[in-house]
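Chemist: Encoded as structure tokens, here's the structure I'll be asking about.
Protein chains: 2
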Amino acid sequence: MTSTATDSAPPAPGTRRPGGRTARTRAAVRDAVLSGLADHGYPGLTVEYVADHSGVHKTTLYRRWGGLEGLVADALDMAGEDSWVPPDTGSLEGDLRELAHEVVDSFSDSAAASAPTAFVAAAFQSERAAQALHAFYAERFTRCTAVVARAVERGEADTDIDAEAVVRAVSAPLLLRVFITREPIDAALADQSAAAALAATHAGAYNRR
Amino acid sequence: MTSTATDSAPPAPGTRRPGGRTARTRAAVRDAVLSGLADHGYPGLTVEYVADHSGVHKTTLYRRWGGLEGLVADALDMAGEDSWVPPDTGSLEGDLRELAHEVVDSFSDSAAASAPTAFVAAAFQSERAAQALHAFYAERFTRCTAVVARAVERGEADTDIDAEAVVRAVSAPLLLRVFITREPIDAALADQSAAAALAATHAGAYNRR
Chain R
1 MTSTATDSAP PAPGTRRPGG RTARTRAAVR DAVLSGLADH GYPGLTVEYV ADHSGVHKTT
61 LYRRWGGLEG LVADALDMAG EDSWVPPDTG SLEGDLRELA HEVVDSFSDS AAASAPTAFV
121 AAAFQSERAA QALHAFYAER FTRCTAVVAR AVERGEADTD IDAEAVVRAV SAPLLLRVFI
181 TREPIDAALA DQSAAAALAA THAGAYNRR
Chain E
1 MTSTATDSAP PAPGTRRPGG RTARTRAAVR DAVLSGLADH GYPGLTVEYV ADHSGVHKTT
61 LYRRWGGLEG LVADALDMAG EDSWVPPDTG SLEGDLRELA HEVVDSFSDS AAASAPTAFV
121 AAAFQSERAA QALHAFYAER FTRCTAVVAR AVERGEADTD IDAEAVVRAV SAPLLLRVFI
181 TREPIDAALA DQSAAAALAA THAGAYNRR
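Chains R and E, in that order, give the protein sequences. Counting in UniProt numbering, the first sequence runs from 1 upward without gaps. Counting in UniProt numbering, the second sequence runs from 1 upward without gaps.
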């Protein structure tokens, strides 16, 4: 699908757009969605709020995003369109520890935590947000598997290792505490989670059989 | 605090009540809350709905539970008041595997999964539900640590092991998929999660230092 960077072009969620007016509009709308989710949560978010806070007319929002679910899903798509790459410290131990610390750091202040928290909450209310959240995490964890692929190349992990499971294992105890059990997380917990995933990797617990 | 089992007695969330009319009322109200959460989610649940589906008058619900947040929190308290005990298979490996399989089984059909899912979702909307969810999981995981305590007695784990971390590690990758990334879970994933937690335990990754 080709699209031109004009204001009337349909959005192309999940694809990168060139800079320009449409990209700026999309970013302004995304910012308004995030602030609305942070302030009111998904049940309290309205298209009117997004229009007021983005300066984009309500009819444009409906035409290009379809409505609230489309707005939230596109904000999640944009969150996945960053250039983040996983750490490359030279060892699996260092990379897993760094990954775990990045999770802890990203939730260390409530302002930074509000967007991901709002997305996880919205996924319980909207099937389309749930699909976008699934796609976001699937892509993010797949990016993380680069650290396991390099470990395999260095002979630190077995060639038949389930790399997707390893990187999820590092984050899982941290995200469990943030989003479900609502317990604090800290650097010591990040170290513990990374050490456990490393030990399980070395013991072959993630190898496919 | 003493209380008599009459309909006008204040509820005592988190404590077991004797059978009788109040316990039956509380259970009927809990069932109505669960079906309402399953059907409409927290944002769609109303005290009217609970009154209609429990047969308990709205004014009684307000007087005894304070309102919607209190109703949801008490339903969560009741969920934690069961007699469930963790498995005791004779080995840490067997116990962790059994724990993981119980998680998978509890989400294997959508009817069984609807109540826990609704509680996790409600915690994003209500501070009181969040506190009740935190208390539920804290108590549940503490119950699970019996399997680690027995492993320590058998010499399968170190005496300074962080037992709370071990039992959370078994569930975390499964609950991550159910509630956050929305990926399927199955028996193979349960085995993998248990095997990883066991290997990390044996390697000392959960030992306090």
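Where is the CB? At the ideal position from N, CA and C, for every residue including glycine. Because the structure is a prediction, the values reported are computed rather than measured.
On the CB-based measure, 16 or more other CB atoms within 10 Å of its CB, does Asp186 (chain E) come out buried or exposed?
Modeler: If you draw a 10 Å sphere on the C-beta of Asp186 (chain E), you find fewer than 16 other C-beta atoms in it, and that means exposed.
Chemist: In the structure shown, what three-state DSSP assignment does Ala200 (chain E) receive?
Modeler: helix
Chemist: Which term fits Leu198 (chain R), buried or exposed, when burial requires 16 or more other beta carbons within 10 angstroms of its beta carbon?
Modeler: buried
Chemist: Would Thr159 (chain R) be called buried (16 or more neighbouring beta carbons within 10 Å of its own) or exposed?
Modeler: Label assigned to Thr159 (chain R): exposed.
Chemist: Are the C-beta of residue 211 (chain E) and some C-beta of chain R separated by less than 8 Å?
Modeler: Any property of residue 211 (chain E) remains undetermined from this structure, which presents chain E solely from 1 to 209.
Chemist: When you compare the CB of Tyr206 (chain E) with every CB in chain R, is at least one pair closer than 8 Å?
Modeler: yes
Chemist: Is the CB-CB distance between Gly36 (chain R) and His53 (chain R) below 8 Å?
Modeler: Yes.
Chemist: Mapping DSSP to helix, strand and coil, what is residue 251 (chain E)?
Modeler: This structure does not reach residue 251 (chain E), given that chain E is present from 1 up to 209, and the question cannot be answered.
Chemist: Is Arg17 (chain R) close to chain E? Criterion is C-beta to C-beta, closer than 8 Å.
Modeler: The pLDDT assigned to Arg17 (chain R) is 48, lower than 50, so where the model puts this residue is not dependable, and the model offers no usable value.
Chemist: Going straight from the alpha carbon of Ala111 (chain R) to that of Phe119 (chain R), what length do you get?
Modeler: 14 Å
Chemist: Which full runs of the alpha helix (DSSP H) of 4+ residues lie inside the region 47-72 of chain R, going along the chain?
Modeler: 47-54 and 58-65
Chemist: Considering only residues of the same chain and omitting the five flanking positions on each side of Glu98 (chain E), which have a CB-CB separation below 7 Å?
Modeler: Pro87 and Thr89
Chemist: Which residue's Cα is closest to the Cα of Val72 (chain E): E:Glu93, E:Ala121, E:Leu92 and E:Phe107?
Modeler: E:Ala121
Chemist: Start and end of the alpha helix (DSSP H) containing Pro116 (chain R)?
Modeler: Ser110 to Gln125
Chemist: With 8 Å as the threshold, decide whether the Cβ of Ala195 (chain E) is near any Cβ in chain R.
Modeler: By this cut-off, Ala195 (chain E) is an interface position.
Chemist: At a Cβ threshold of 8 Å, is Pro13 (chain R) touching chain E?
Modeler: Summary for Pro13 (chain R): the model assigns pLDDT 49, below 50, so the residue's position carries little reliability, and this model does not support an answer.
Chemist: Compare the C-beta of Thr46 (chain R) with all C-beta atoms of chain E and state if any pair is closer than 8 Å.
Modeler: no
Chemist: So which residues of chain B does Ile185 (chain E) contact, with C-beta pairs closer than 8 Å?
Modeler: No chain B appears in the structure shown, which is made up of the protein chains R and E.
Chemist: Give the interface partners of Ile161 (chain E) over in chain R, defined as CB-CB distance under 7 Å, in chain order.
Modeler: Neighbours of Ile161 (chain E) on chain R: none; closest Cβ ~11 Å, over 7 Å.
Chemist: Within a Cβ cutoff of 6 Å, which residues of the same chain sit near Pro173 (chain R), ignoring the five residues on either side of it in sequence?
Modeler: In chain order, Ser193 place their CB closer than 6 Å to the CB of Pro173 (chain R), counting only its own chain and leaving out the 5 sequence neighbours on each side.
Chemist: With distance defined between alpha-carbon atoms, name the residue in E:Phe107, E:Ala123 and E:Arg140 nearest to Ser83 (chain E).
Modeler: E:Arg140
Chemist: Name the residue from E:Pro116, E:Arg154 and E:Ala146 whose alpha carbon lies nearest to the alpha carbon of Ala75 (chain E).
Modeler: E:Pro116
Chemist: Ala169 (chain R) CB to nearest chain E CB: under 8 Å?
Modeler: Chain E contact via Cβ: present.
Chemist: Tell me the residue span of the alpha helix (DSSP H) that contains Val152 (chain R).
Modeler: Ala146 to Glu153
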